[in-house]
Each structure stands twice: as structure tokens, then as C-alpha cells.
Amino acid sequence: MQNRAAVTIFVILLLIVPTIAFSSYHLFQLTMVVVYAVAILGMAILVGFNGQISLGHGAFYAIGAYTTAILMSSWDVPYWATLPVSAVICAGFGFLIGLPALRLAGHYLALTTFALAVAVPQVLKHKLFEDWTGGVQGLVIDKPDAPFDLKLSSDQWLYLFSLCVAIVMYVLAWNLVRGRIGRAMRAIRDHATAAEAMGINLAMVKTRTFAVSAMYTGIAGSLGAIAVAFVAPDSFSVFLSITLFVGLCAGGAASIGGTIVGAIFIEFVPNLADQVSKAAPGAVYGVILIAMLFLMPMGAGGFLARIWRKLPWSASSVTGQPRIAAAGHDGDLDIDLPSPIARADRVPVGGGEQAKP
Amino acid sequence: MEGLIHQIISGIATGGIYASVALALVMIYQATHHINFAQGEMATFSTYIALTFINMGMPYWVAFIAAVVVSFIIGLLIERILIRPMTNAPILSAVGVFVGLLLIINSLSGWFFDYTIKQFPSPFPDKALWGGFISGHQLGSTGITLAVLLAVYLFFRHTSLGLAMRAAALNPVSSRLVGVRVGWMLALGWGLAAAIGSVAGCMVAPVVFLDPNMMAGILLYAFAGALLGGIDSPLGAVLGGFAVGIIENLGGAYVVGTELKLTLALVIIVCVLTVRPAGLMGRAVQSRV
Numbered sequence: 001m002q003n004r005a006a007v008t009i010f011v012i013l014l015l016i017v018p019t020i021a022f023s024s025y026h027l028f029q030l031t032m033v034v035v036y037a038v039a040i041l042g043m044a045i046l047v048g049f050n051g052q053i054s055l056g057h058g059a060f061y062a063i064g065a066y067t068t069a070i071l072m073s074s075w076d077v078p079y080w081a082t083l084p085v086s087a088v089i090c091a092g093f094g095f096l097i098g099l100p101a102l103r104l105a106g107h108y109l110a111l112t113t114f115a116l117a118v119a120v121p122q123v124l125k126h127k128l129f130e131d132w133t134g135g136v137q138g139l140v141i142d143k144p145d146a147p148f149d150l151k152l153s154s155d156q157w158l159y160l161f162s163l164c165v166a167i168v169m170y171v172l173a174w175n176l177v178r179g180r181i182g183r184a185m186r187a188i189r190d191h192a193t194a195a196e197a198m199g200i201n202l203a204m205v206k207t208r209t210f211a212v213s214a215m216y217t218g219i220a221g222s223l224g225a226i227a228v229a230f231v232a233p234d235s236f237s238v239f240l241s242i243t244l245f246v247g248l249c250a251g252g253a254a255s256i257g258g259t260i261v262g263a264i265f266i267e268f269v270p271n272l273a274d275q276v277s278k279a280a281p282g283a284v285y286g287v288i289l290i291a292m293l294f295l296m297p298m299g300a301g302g303f304l305a306r307i308w309r310k311l312p313w314s315a316s317s318v319t320g321q322p323r324i325a326a327a328g329h330d331g332d333l334d335i336d337l338p339s340p341i342a343r344a345d346r347v348p349v350g351g352g353e354q355a356k357p
Numbered sequence: 001m002e003g004l005i006h007q008i009i010s011g012i013a014t015g016g017i018y019a020s021v022a023l024a025l026v027m028i029y030q031a032t033h034h035i036n037f038a039q040g041e042m043a044t045f046s047t048y049i050a051l052t053f054i055n056m057g058m059p060y061w062v063a064f065i066a067a068v069v070v071s072f073i074i075g076l077l078i079e080r081i082l083i084r085p086m087t088n089a090p091i092l093s094a095v096g097v098f099v100g101l102l103l104i105i106n107s108l109s110g111w112f113f114d115y116t117i118k119q120f121p122s123p124f125p126d127k128a129l130w131g132g133f134i135s136g137h138q139l140g141s142t143g144i145t146l147a148v149l150l151a152v153y154l155f156f157r158h159t160s161l162g163l164a165m166r167a168a169a170l171n172p173v174s175s176r177l178v179g180v181r182v183g184w185m186l187a188l189g190w191g192l193a194a195a196i197g198s199v200a201g202c203m204v205a206p207v208v209f210l211d212p213n214m215m216a217g218i219l220l221y222a223f224a225g226a227l228l229g230g231i232d233s234p235l236g237a238v239l240g241g242f243a244v245g246i247i248e249n250l251g252g253a254y255v256v257g258t259e260l261k262l263t264l265a266l267v268i269i270v271c272v273l274t275v276r277p278a279g280l281m282g283r284a285v286q287s288r289v
């Protein structure tokens with residue numbers, strides 16, 4: 001309960017303080033952090049919790065962004081109403097790509113999604129869709145103003161709007177991965193055959209996880225398009241997919257809190273590294289990615305969660321005995337798999353819900 | 001009709017490049033069961049090294065061979081330093097290391113040799129042969145590619161080192177028991193793959209011009225070729241590479257247009273993996289649960 005109160009206070013501070021105190025450029029950066037966090041959260045659901053490696057989530061981000069941009073520029077749909085549409089469209093695409101993904105494991109899926117990411121800008125530029133997508137030039141959309149005569153600049157309003165959407169998405173994701181379906185997802189990741197033997201419908205869970213994941217990243221794409229007020233094919237190159245992947249690994253693949261760390265990382269590190277040289281962001285990404293995989297395989301999220309667990313006031317040291325039982329119960333399926341992604345999400349962070357049978 | 005023949009011949013010429021890169025991918029896949037996402041960037045970097053040697057005043061072929069040797073050493077070092085510790089890591093970590101490698105080598109290319117598009121010389125005469133069906137460079141690069149493929153085949157088939165490398169890839173435990181130094185064999189495999197990639201880079205650079213992202217598309221076609229032929233079959237990968245070259249050229253000319261050529265690679269990859277995951281010449285893998 002204490003934890004929940006602390007989180008609530010933290011969220012309220014997050015809503016108020018930057019809106020009042022930050023300049024519009026810093027607010028824009030924070031908005032992009034929120035956007036990337038939701039996109040990486042989508043990847044974490046698929047890669048971290050379900051074990052399907054995707055290097056092509058930039059594609060879903062692009063689909064979400066273009067859905068919003070096309071709806072706003074061609075049909076004058078209000079920006080908030082484009083989110084559900086792009087959620088549905090991206091979930092549909094995710095489901096479709098999840099079907100062949102059923103037959104592809106591990107490296108092959110990474111390879112196929114990588115190919116998808118490389119192909120996306122070409123498809124967006126193609127003349128068949130040029131009337132909608134604006135071809136190479138892309139589309140410019142209007143930045144929305146604050147509604148209800150609120151005394152807020154559009155940057156302030158966009159930050160609040162994106163943050164509220166993100167909070168809803170995080171609460172839903174949290175409940176999803178802690179619940180029955182989340183356990184099924186993790187069981188498939190850790191041992192597909194055993195999961196199937198326990199009555200989990202592999203095809204159903206995997207394709208729907210893909211759909212949910214694509215939906216998250218697509219909504220992030222929509223939010224990103226609204227915040228940047230511009231979409232063009234070359235902003236969705238393979239580098240975007242790789243950036244999201246780097247954020248995912250930096251934060252910790254199977255850690256919901258880690259996605260925020262990952263998002264902060266990919267938003268601010270390139271800005272810092274850019275001052276050194278044009279080549280530096282890529283090199284810094286690469287070096288940090290490899291260093292993280294060697295030194296902190298659970299990512300920053302897993303690392304912070306481990307420290308959190310050791311603090312005297314954290315839930316695990318209060319409840320003590322039941323916590324071990326809970327960990328044992330949750331860990332049955334991945335007992336013989338020393339994989340870091342199998343470990344990271346077993347770190348108890350919540351207020352003790354898991355201990356109940 | 002003439003156009004068709006022309007397309008097929010230039011398809012074979014580019015197919016040779018894809019075949020080399022596909023072969024490099026297959027060598028690494030056979031040895032370590034990893035797909036090397038950084039293969040294309042490694043080849044680009046090697047091509048830059050060759051260009052540096054040429055600009056230093058070396059004759060073309062000396063620079064070429066020097067670049068191949070340097071690439072071999074770089075490949076060896078990458079395996080020893082970065083890939084070895086990942087032997088038993090989960091797939092996500094392995095993919096992460098390869099993606100990190102891709103980013104680092106790409107940035108290093110840009111850092112050392114800057115991002116401007118450069119011309120790369122071709123050692124072959126620039127004139128049309130055989131009634132204009134093929135250019136001197138196309139013929140020469142196809143010849144070099146075939147020579148490399150033949151050399152690799154002879155090496156693996158008829159030398160004891162090649163045999164040891166095949167054994168180490170196929171059954172590491174038993175190989176170690178009969179005295180093969182498995183770790184070094186895998187490292188050698190990486191070095192060879194990097195060397196083959198550098199040849200492909202030098203052969204393709206005069207056509208597509210040299211910039212740090214030169215190989216991104218080529219890598220994709222090489223993936224498609226390797227999968228089409230079967231990722232665990234070197235011969236299959238080579239034939240697959242040539243096939244993809246021809247499919248790409250014909251498809252680009254007659255079916256989808258040049259704008260969607262990369263999407264064609266995606267379609268080939270998805271089709272092969274869903275219809276026949278083992279590829280045309282690969283073996284289906286069965287694993288005990």
C-alpha cells in the first residue's frame with residue numbers, strides 16, 4: 001500500500017512539475033521520452049515477456065505515426081480520436097506478422113523483422129500510396145492546442161496528454177504481465193513445450209502478444225507523430241528499430257520499469273554524444289549495448305530492482321517468508337534455464353499480490 | 001528478349017556478390033549458430049581499408065590482398081573478444097551483441113572515413129564485352145567471386161585444416177576429444193567469413209559507390225540467398241545468392257519496379273521461412289525435447 005501511495009505521488013509530481021517548470025524544448029524532450037517508453041514497453045511485452053525477438057518494431061511505430069498523420073491531414077480527424085484507430089490498425093498488422101512468426105524462432109524471427117525494418121521506408125515512399133503518405137516529402141500536421149480554454153501552451157498540453165495515455169498503457173501492461181495471460185506468455189518463453197503440455201494455446205497467445213505489442217508501439221508512433229508534427233519515410237529507417245532495441249536492452253528486456261530507463265537513455269544519450277561527433281551516437285549505443293549485455297544482462301531495470309529488493313523498507317524484506325514461496329512458485333517453469341531474461345521479471349516489485357495463492 | 005538476357009546476366013553479376021556474403025553468413029552460422037547482423041558493416045569497413053591502402057599508393061591487387069588479410073585478423077579478433085563469451089548466452093544477448101557490433105562498425109566507418117560517398121576503383125577495363133551484354137567489371141567480379149568460392153570449397157574439402165574446421169562446427173565435443181582446437185577453429189571461421197566479406201565489398205563498391213551504409217541492402221539479399229539455399233549448406237547459400245540476384249533483377253525490371261527491390265528480399269525471406277524453413281538444400285533440424 002505504501003508503494004502504491006509513493007507511486008501515485010510520484011506520478012502527480014511528474015504531471016505537475018515539468019509542466020510548470022520546464023522550457024518548451026525540455027518539455028518536448030520529455031514528451032519524446034514518454035513516447036519512446038510506450039514503444040519500448042510494447043517491445044518488452046513481446047521480447048522480454050514472450051521471448052519473440054523483434055528487430056523491426058520501427059515498422060509498427062511508422063504505421064501508427066502514418067495512421068495518425070493521414071487521418072489528421074486527409075480527413076481532419078481530431079488528434080485524440082486517431083489513437084484508437086491506429087491501435088486497431090497496428091494490432092491488426094501485428095497479428096498478421098505474428099502468424100508467420102509462429103513458425104520462426106529465435107534468430108530467424110530477428111532476421112525477418114530486421115528485413116521488415118529495412119523495407120519500411122521504401123514502402124512508405126512508394127508511389128502507390130503517395131496520395132496518402134505524401135511520398136518522400138512526408139506529411140506536416142498541426143500541433144494541437146490545449147482544449148477547454150486551459151491556459152497551457154501546446155507543448156505543455158501535449159506532454160500532459162502523452163503522459164496520461166502512457167500511464168493508462170503502463171497500468172494495463174502491468175496488469176497484463178502479472179495476470180494469467182502474462183504467466184502464459186512467460187511460460188511459453190521459458191519452455192514452449194512444457195507450456196503447451198500445461199494447456200496453453202501457443203498459437204493464440206503468441207499471435208495475440210504480437211498484436212498487443214504492435215498496438216503499444218503503434219500508439220507510441222501516433223503520439224510521436226503528434227508531438228513532432230511531421231512524418232517522413234526517412235525518420236522510420238532501420239535505425240529507429242535498432243534504437244528501440246537498444247533502449248529495450250539498456251532498460252532490461254523483461255522489466256516494465258526498465259522501459260522508462262531505456263527511453264531516457266535513447267532520448268538523451270544521442271544528444272550528449274552528438275556534441276562529440278556525428279558518428280558518436282551509433283558508437284556509444286553500440287558500446288553501451290554490448291557493455292550492458294556483458295555486465296548487466298538484466299538491464300538497468302533488473303539491476304535497479306535488485307538493489308530495491310535489498311533496501312530495508314522494500315516489500316520483500318518485510319514479508320520475508322511468503323516472498324520466497326512466491327518466487328519459487330513463479331520460477332517453476334524456468335528452473336533449468338539460466339537466461340537473464342528469464343530472471344529479470346521474477347524480481348518482486350509490487351506490494352505483495354504475488355504471495356497470495 | 002535482349003533486355004531479358006541483359007537482366008539475367010547482370011543478375012548473375014550481382015548474385016555473385018550476394019553469394020559471397022551469403023557464404024560468409026553461412027560459415028558463421030555453421031560454426032556458432034548465430035546470424036551475423038554485422039556482416040555487411042564488416043565488409044564495408046574492409047572496403048574502406050582497401051581504399052585507404054590504394055590512396056597510400058599501393059597497386060590495386062596489393063591493396064586488395066592487404067585488405068583481405070587485415071579483415072581476416074579483424075574477424076578473428078571480434079570472435080575472440082566479443083563472440084566467445086556469448087557462447088552459452090541466450091539468443092537475445094547474442095542478437096544484442098551483433099546489433100551492437102553493427103552500430104559500432106558503422107559509426108567507425110563514418111568516423112574514420114567520413115560520410116561522403118566515395119568512388120572506388122575497379123581493376124577491370126571499363127568496356128562492354130560480348131556485344132554489350134556484360135561490362136568488364138561485371139565479368140571480372142563474377143570471375144573473382146567464383147574463384148573465391150572455388151578456393152573455399154577446395155580448402156574445406158581437401159585440406160586437413162578445412163576438415164578440422166568442419167568437424168569443430170559439426171560436433172565440437174568429439175572434435176575436442178580427438179585433438180582439434182575447437183575455439184581456434186571457430187575463430188578461424190570468423191576470420192575467413194570476414195575475408196570473404198571483404199572481397200565482396202571490394203567487388204561491389206565500384207558499382208554502388210562507397211559509403212558507410214553501402215552493404216545494408218546487400219546484406220538483406222544475402223540473408224535471403226542464404227535462407228533460400230539453406231542456412232546450413234554452403235553450396236546452397238551460394239546458389240541461393242545467385243538465384244536471389246537474378247530474381248531481384250528480373251523482379252526489379254518487370255514486376256515491382258526498382259523502388260520496392262528491398263521489399264522483394266523481405267518477401268523472399270518470409271516465403272522461404274514459412275514454406276520451407278530448411279531452404280532448398282538445407283537439412284531440417286530435429287531436436288529432442
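Top line first, the protein sequences correspond to chains P and G.
The first sequence begins at 1 in the working numbering and counts up one residue at a time.
The second sequence begins at 1 in the working numbering and counts up one residue at a time.
Ideal Cβ positions, reconstructed from N, Cα and C, are used throughout, including at glycine.
Own chain partners of residue i with C-beta closer than 7 Å, once the 5 adjacent residues on each side are dropped
{"i": "residue 240 (chain P)", "result": "58 and 61"}
{"i": "residue 262 (chain G)", "result": "217 and 220"}
{"i": "residue 86 (chain G)", "result": "93, 94 and 97"}
{"i": "residue 269 (chain G)", "result": "223, 224 and 227"}
{"i": "residue 29 (chain P)", "result": "267"}
Neighbour flag for residue i against chain P, beta carbons, 7 Å
{"i": "residue 223 (chain G)", "result": "yes"}
{"i": "residue 65 (chain G)", "result": "no"}
{"i": "residue 100 (chain G)", "result": "yes"}
{"i": "residue 96 (chain G)", "result": "yes"}
{"i": "residue 259 (chain G)", "result": "yes"}
{"i": "residue 174 (chain G)", "result": "no"}
{"i": "residue 17 (chain G)", "result": "no"}
{"i": "residue 20 (chain G)", "result": "no"}
{"i": "residue 204 (chain G)", "result": "no"}
Nonlocal neighbours in the same chain, by C-beta distance under 8 Å from residue i, ignoring five residues either side
{"i": "residue 271 (chain G)", "result": "none"}
{"i": "residue 112 (chain G)", "result": "48"}
{"i": "residue 281 (chain P)", "result": "269, 270, 273 and 274"}
{"i": "residue 123 (chain G)", "result": "60, 61, 64 and 140"}
Contacting residues, own chain, Cβ-Cβ under 6 Å from residue i (five flanking each side not counted)
{"i": "residue 243 (chain P)", "result": "266"}
{"i": "residue 138 (chain P)", "result": "231 and 232"}
{"i": "residue 321 (chain P)", "result": "For residue 321 (chain P), the predicted structure reports a pLDDT of 38, less than 50, and the residue's modelled location is therefore unreliable. The matter cannot be settled from this model."}
For residue i, the residue or residues it bridges with in DSSP
{"i": "residue 49 (chain G)", "result": "Answer is none; residue 49 (chain G) lacks a bridge partner."}
{"i": "residue 118 (chain G)", "result": "G:210"}
{"i": "residue 231 (chain P)", "result": "P:139"}
Cα-Cα separation, residue i to residue j
{"i": "residue 79 (chain G)", "j": "residue 101 (chain G)", "result": "11 Å"}
{"i": "residue 193 (chain P)", "j": "residue 201 (chain P)", "result": "11 Å"}
{"i": "residue 143 (chain G)", "j": "residue 77 (chain P)", "result": "58 Å"}
{"i": "residue 358 (chain P)", "j": "residue 6 (chain G)", "result": "No answer is possible for residue 358 (chain P): the residues shown for chain P start at 1 and end at 357."}
{"i": "residue 304 (chain P)", "j": "residue 45 (chain G)", "result": "37 Å"}
{"i": "residue 241 (chain G)", "j": "residue 226 (chain G)", "result": "7 Å"}
{"i": "residue 292 (chain P)", "j": "residue 125 (chain G)", "result": "49 Å"}
{"i": "residue 267 (chain G)", "j": "residue 199 (chain P)", "result": "34 Å"}
{"i": "residue 200 (chain G)", "j": "residue 10 (chain G)", "result": "16 Å"}
{"i": "residue 146 (chain G)", "j": "residue 138 (chain G)", "result": "12 Å"}
{"i": "residue 179 (chain G)", "j": "residue 163 (chain G)", "result": "13 Å"}
{"i": "residue 153 (chain P)", "j": "residue 224 (chain P)", "result": "18 Å"}
C-beta neighbour in chain G for residue i, strict 7 Å
{"i": "residue 61 (chain P)", "result": "no"}
{"i": "residue 358 (chain P)", "result": "Given that chain P is displayed from residue 1 to residue 357, the structure contains no residue 358 (chain P) and the question cannot be resolved."}
{"i": "residue 242 (chain P)", "result": "yes"}
{"i": "residue 270 (chain P)", "result": "no"}
{"i": "residue 103 (chain P)", "result": "yes"}
{"i": "residue 58 (chain P)", "result": "no"}
{"i": "residue 46 (chain P)", "result": "no"}
{"i": "residue 126 (chain P)", "result": "yes"}
* **the region 90-102 of chain P touching the region 245-257 of chain G, judged by at least three CB pairs closer than 8 Å** => no
* Taking 8 Å as the threshold, find out whether the region 166-177 of chain P comes into contact with the region 44-51 of chain P through three or more Cβ pairs. => yes
* Are the region 26-40 of chain G and the region 190-200 of chain G touching by the rule of at least three beta carbon pairs closer than 8 Å? -> yes
* At least 3 beta-carbon pairs within less than 8 Å: the region 250-263 of chain P vs the region 64-75 of chain G -> no
* Asked: Does the pairing of the region 85-92 of chain P with the region 151-164 of chain P give three or more beta-carbon distances under 8 Å?
  -> At 8 Å Cβ cutoff, the stretches do not touch.
* Would you say the region 15-24 of chain G touches the region 178-190 of chain G, given that touching needs at least three Cβ pairs under 8 Å? -> no
* **Contact between the region 29-42 of chain G and the region 204-218 of chain G (3+ Cβ pairs under 8 Å)** => By the Cβ test, the region 29-42 of chain G is in contact with the region 204-218 of chain G, since at least three Cβ pairs between them sit closer than 8 Å.
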